[in-house]
């Protein structure tokens, strides 16, 4: 399979807009109609964006570059784990990105937050 392109991302965004339009225009009796289609389209856009940023086709923000360096330095960190990196404290967080119709997490967002130190030494 070839590397994704900006055209692939634009096509995925168009598919997401089409899925959202179908969901919005649906006036039937099923409140979950097209929910899977919309979720899968959102996941595709997110995956393509991540891949294009990782390959350098799309520019990363300063924070995204910092998170990539933190991920490389601390690959096994869990939710609320705190680390010291370049003299500063950071905390790993995870949150559900998508949920199933029953409410269970299906995919996860992850990131890092800068932690202010209080000076007491007990973070």
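Numbering (this note's numbering), first residue to last: -3 to 119.
Just so you know, even glycine gets a beta-carbon here, dropped at the ideal spot from N, CA and C.
C-beta atoms of residue i and residue j nearer than 9 Å
i: residue 15; j: residue 33; result: yes
i: residue 65; j: residue 81; result: yes
i: residue 53; j: residue 2; result: yes
i: residue 8; j: residue 19; result: no
Cutoff 7 Å; reference residue i; Cβ partners in own chain excluding five residues on either side
i: residue 107; result: 63, 89
i: residue 133; result: A query on residue 133 cannot be resolved here, the shown segment of the chain reaching from -3 to 119 and no further.
i: residue 51; result: -1
i: residue 47; result: 0
Given residue i as reference, the closest of the options once Cα atoms are compared
i: residue 86; options: 6, 8, 67; result: 67
i: residue 103; options: 95, -1, 29; result: 95
i: residue 37; options: 51, 5, 47; result: 5
i: residue -1; options: 13, 76, 49; result: 49
i: residue 113; options: 12, 79, 99; result: 79
i: residue 83; options: 98, 75, 110, 101; result: 110
i: residue 101; options: 56, 28, 35, 55; result: 35
Local Cβ density within 10 Å of residue i, reported as buried at 16 or more and exposed below that
i: residue 10; result: exposed
i: residue 12; result: buried
Own chain residues within Cβ distance below 6 Å of residue i, not counting five before or after
i: residue 91; result: 105
Beta-carbon proximity list for residue i, same chain, < 8 Å, skipping 5 on both sides
i: residue 77; result: 70, 87, 88
i: residue 98; result: none
I want to know whether the region 4 to 24 touches the region 70 to 80 - three or more CB-CB distances under 8 Å.
No, they do not touch.
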